[in-house]
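Residue numbers (my numbering), protein chains in the order written: chain A, 117 to 327; chain B, 117 to 327; chain C, 117 to 327. We treat Cβ as the ideally placed atom computed from N, Cα and C, and that holds for glycine. Here the structure is a predicted model, which is why all the values come from computation and not from measurement. See below for the structure under consideration.
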Amino acid sequence: MTTEMLLTFAEITAILVFAISGVIEAVRKKMDVVGIFAMAFITAFGGGTVRDLLLDRRPLFWVQNHEYVWLVLLLTLIAPPLSGVIRHRWVDWIIKITDAFGLGLFSISGALLAQAANMPLIVVLIIGVITGVFGGVMRDVICDEIPVVFRNHQPYALCSFFGCLVYWFLHTAGVVSWVGLVAGAGITSGSCLLALIWDWRVPEWPGKSNG
Amino acid sequence: MTTEMLLTFAEITAILVFAISGVIEAVRKKMDVVGIFAMAFITAFGGGTVRDLLLDRRPLFWVQNHEYVWLVLLLTLIAPPLSGVIRHRWVDWIIKITDAFGLGLFSISGALLAQAANMPLIVVLIIGVITGVFGGVMRDVICDEIPVVFRNHQPYALCSFFGCLVYWFLHTAGVVSWVGLVAGAGITSGSCLLALIWDWRVPEWPGKSNG
Amino acid sequence: MTTEMLLTFAEITAILVFAISGVIEAVRKKMDVVGIFAMAFITAFGGGTVRDLLLDRRPLFWVQNHEYVWLVLLLTLIAPPLSGVIRHRWVDWIIKITDAFGLGLFSISGALLAQAANMPLIVVLIIGVITGVFGGVMRDVICDEIPVVFRNHQPYALCSFFGCLVYWFLHTAGVVSWVGLVAGAGITSGSCLLALIWDWRVPEWPGKSNG
């Protein structure tokens with residue numbers, strides 16, 4: 117029950133933060149209100165939907181929790197008056213922190229469901245990462261950009277990968293379920309925040325200058 | 117039976133018009149014949165395929181009605197001699213009118229199937245809209261454009277949304293099935309045409325000039 | 117058993133070659149290591165994953181053979197020291213030849229599975245082609261390019277189409293399974309190589325100059 121409530125809270129947080137990043141990108145691309153809702157919806161639910169399609173889970177998580185969709189619709193409607201405030205530096209940091217938080221919770225929810233479906237290790241890790249980052253990938257592809265997670269040299273997806281790996285080890289070692297979930301999500305979110313603060317970079321590709 | 121025939125006619129009309137819009141976009145992007153067929157196929161069947169994947173319906177509607185695929189293949193083959201004619205102003209209007217017609221019928225077919233699968237209201241509406249517009253979204257994404265439905269400030273997706281809403285209300289109120297289908301499709305198509313004639317615009321985003 | 121081993125070898129070859137083409141494109145787009153693995157993964161497994169989703173096959177082929185994912189991960193890690201070598205002309209030709217080989221084997225694996233699921237002819241052909249080319253389509257879309265297979269005027273997808281057609285005819289005519297598989301894959305790969313050597317072009321669109 118605690119795990120389920122934690123997951124619910126995880127999903128709502130991740131969904132709202134991801135939806136906001138969709139709204140920001142849609143506004144930057146001068147989309148209309150239809151596009152703004154669509155980008156909020158796709159960024160928030162894209163990763164989980166791909167996870168559910170790959171694992172063949174039905175109903176989809178946003179069908180089962182259709183109040184999440186109303187929430188994103190509401191967010192889209194109340195976002196305009198808030199948008200003036202969004203350019204302040206500390207708002208930027210709040211978004212980054214909750215985004216790291218959302219990444220952790222969403223990734224581990226993906227890893228948890230993949231493991232519950234008896235997937236092998238590498239598939240658990242990949243579905244965890246996809247659940248965490250694919251909403252953003254779909255947002256960028258639709259906004260006609262190369263996905264930022266693939267090219268910004270920040271270890272965003274790697275944080276998700278290692279958090280899922282820790283979760284998997286703890287689960288396989290027989291540690292109580294919620295400990296693994298909290299540790300996995302905490303390592304993902306924490307390393308993601310440390311990477312932002314200390315400006316960690318993923319390695320350059322050696323031949324990059326010849327590209 | 118009448119409903120089924122209506123749906124069949126709806127699908128064929130929508131498919132051909134959507135396929136033509138895919139062909140036009142592919143030609144504009146200087147694709148070869150492979151690309152032209154692929155864009156016709158994806159624009160025509162993309163929305164319904166995403167609907168079927170989300171609702172977990174098999175066989176897919178273009179597998180069940182595989183003569184639709186032959187039809188699109190045939191269209192691609194006969195389109196070149198017709199393409200000289202396509203630039204006339206009245207052809208443009210015929211395409212817009214049938215496109216509005218197709219949007220209505222396709223959206224309501226999506227809403228109908230979502231409702232038959234016992235989806236909640238917001239999911240019925242979203243699957244209706246996705247069925248109506250996602251073929252065009254996929255067309256634009258593959259053609260390396262931001263989807264026109266998200267940025268042209270025309271209420272295209274909103275017409276689909278309100279038509280599905282009317283259909284849902286009539287169905288929930290116990291009105292005979294075909295009345296709801298005709299009303300929903302009619303409101304979607306009609307409002308879409310009125311929006312074109314009177315140049316209705318969806319609201320601007322307040323902070324747009326800062327984007 | 118022979119058929120299964122042939123298919124396994126086909127998949128591994130196709131996967132590695134397709135993964136390399138993803139790596140090359142990712143490096144060209146100056147992605148980081150996350151993006152490079154993601155592009156290798158998506159290019160290698162994209163076509164087969166779409167095939168499995170359309171046919172509703174679970175587990176997905178890269179879940180069932182999860183050692184393939186490790187192989188692509190390994191490839192991504194050893195690729196940097198190899199990348200200096202990749203620009204030699206004969207390496208380019210080795211990649212083209214194995215790519216033609218991979219296209220044939222992947223396409224026919226798609227056609228085989230579609231036929232085993234009792235799909236009608238046109239669906240067998242389309243799923244064969246999708247399995248062969250969609251990894252590359254997804255690679256190009258994510259890399260913010262119009263898919264090269266849709267616009268380079270080379271008959272790449274048509275080779276896949278005709279190979280699947282030959283396979284289908286032989287299977288329907290009651291020819292032993294492995295003969296159809298080898299003939300279909302051979303025709304796809306062979307015609308693809310001949311098209312490269314003799315520079316075959318698919319027909320221009322008549323109205324192209326007006327596009």
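Q | Boundaries (first-last residue) of the alpha helix (DSSP H) holding A:C275 | A | A:C275 -> alpha helix (DSSP H) spans Y272 to T288.
(Q) With distance defined between alpha-carbon atoms, name the residue in B:C259, B:V318 and B:I258 nearest to B:N268. (A) Check the Cα spacing between B:N268 and each of B:C259, B:V318 and B:I258: the tightest is with B:V318.
(Q) Between which two residues does the alpha helix (DSSP H) holding A:M155 run? (A) Element bounds for A:M155: V149 to L171.
Q. Considering B:L297, what are the terminal residues of the alpha helix (DSSP H) in which it resides?
A. Counted as a single uninterrupted DSSP element, the alpha helix (DSSP H) harbouring B:L297 occupies residues S293 to W314.
(Q) Below 8 Å, how does it come out for the segment 152 to 164 of chain A and the segment 268 to 280 of chain A: are there three or more Cβ pairs, yes or no? (A) Too few Cβ pairs lie closer than 8 Å, so no.
Q) Which residues, taken in chain order from the segment 255 to 286 of chain A, show a beta carbon closer than 8 Å to some beta carbon of chain B? A) Correct list: V257, I258, C259 and D260.
Q) Which chain A residues sit within Cβ distance under 9 Å of B:M235? A) Within chain A, the residues near B:M235 are P175, V179 and H182.
Q | B:E261 (DSSP reduced to helix, strand or coil) | A | Three-state DSSP puts B:E261 in coil, outside helix and strand.
(Q) Using C-beta distances below 6 Å, list every residue in its chain close to B:V185, excluding the 5 sequence neighbours before and after it, in chain order. (A) So the qualifying residues of the chain are W178.
(Q) Between C:F134 and B:A154, how many whole angstroms is the CB-CB distance? I'm expecting something under 8 Å. (A) So it is not a contact: roughly 18 Å between Cβ atoms.
Q: Return the CA-CA distance between C:G251 and A:L176, expressed in angstroms with no decimal places.
A: A straight line joining the alpha-carbon of C:G251 with that of A:L176 spans about 25 Å.
Q. Counting contacts by CB-CB distance shorter than 9 Å, is C:D215 in contact with chain A?
A. Taking Cβ atoms only, chain A never reaches closer than 9 Å to C:D215, which makes this a no.
Q.
Do C:L219 and C:T124 count as a contact pair if the criterion is CB distance below 9 Å?
A. It is not a contact, given that the beta carbons lie outside the stated cut-off.
Q: For B:N286, collect the residues of the same chain with a Cβ closer than 8 Å to its Cβ; drop the 5 residues on either side in sequence, then sort them by chain order.
A: Checking the sequence, you will find Leu at residue 286 of chain B rather than Asn. The beta carbon of B:L286 sits closer than 8 Å to those of V295, G296, A299 and G300, all from its chain and outside the five residues before and after it, given in chain order.
Q: Return no unless some Cβ of chain C is closer than 9 Å to the Cβ of B:T165.
A: Interface residue, yes.
Q | Entirely enclosed alpha helix (DSSP H) segments - the segment 172 to 234 of chain A, minimum 4 residues | A | As far as the segment 172 to 234 of chain A is concerned, its whole alpha helix (DSSP H) runs of at least 4 residues are 177 to 180, 183 to 198 and 205 to 232.
Q.
Please identify, using Cβ separations under 8 Å, the residues of the segment 130 to 159 of chain A that lie next to chain B, in order along the chain.
A. Flagged, chain order: A142, V143, R144, K145, K146, M147, D148, V149, V150, G151, I152, A154, M155 and F157.
Q: Name, please, each residue of chain A whose Cβ falls closer than 8 Å to the Cβ of B:I242.
A: For B:I242, the C-beta contacts it makes with chain A under 8 Å involve F157 and V185, in order along the chain.
Q. What is the DSSP secondary structure of B:R317, counted as helix, strand or coil?
A. B:R317 carries a coil assignment under DSSP once its states are collapsed to helix, strand and coil.
Q. Ordered along the chain, which non-local residues of its own chain (more than five positions away) have a Cβ less than 6 Å from that of C:G226?
A. If we look at C:G226 and ignore the five residues flanking it on each side, its Cβ neighbours are R167, I243, G244 and T247.
Q. In the structure shown, what three-state DSSP assignment does A:R267 receive?
A. Reduced to three states, the DSSP call for A:R267 is coil.
Q: Drop a sphere of 10 angstroms on the beta-carbon of B:E141, count the other beta-carbons inside from all chains shown, and report buried for 16 or more, exposed for fewer.
A: Buried: at least 16 other Cβ atoms inside 10 Å.
Q. When the Cα atoms are used, what is the spatial distance from C:T192 to A:V150?
A. If you take the alpha carbons of C:T192 and A:V150, they lie about 39 Å apart.
Q) With a Cβ-Cβ cutoff of 9 Å, do C:L312 and C:Q270 count as a contact? A) Yes, Cβ-Cβ distance for C:L312 and C:Q270 is below 9 Å.
(Q) I believe B:L229 touches B:R173 by the beta-carbon criterion, under 8 Å. Please report the beta-carbon distance rounded to the nearest angstrom. (A) Their Cβ separation, rounded to whole angstroms, is 7 Å, which keeps B:L229 and B:R173 in contact under 8 Å.
Q) Taking all protein chains shown into account, do 16 or more other C-beta atoms lie within 10 angstroms of the C-beta of A:R144, making it buried, or fewer, making it exposed? A) With fewer than 16 Cβ atoms within 10 Å of its Cβ, A:R144 is classed as exposed.
Q) What residues in its chain sit with their C-beta under 7 Å from that of A:Y237, if we drop five residues either side in the sequence? A) Before going on, a small fix: residue 237 of chain A reads as Leu here, not Tyr. Excluding sequence neighbours, A:L237 sits near W284.
Q: Go through its chain and collect everything with a Cβ distance to B:L310's Cβ below 8 Å, but skip five positions before and after it.
A: So the qualifying residues of the chain are W316.
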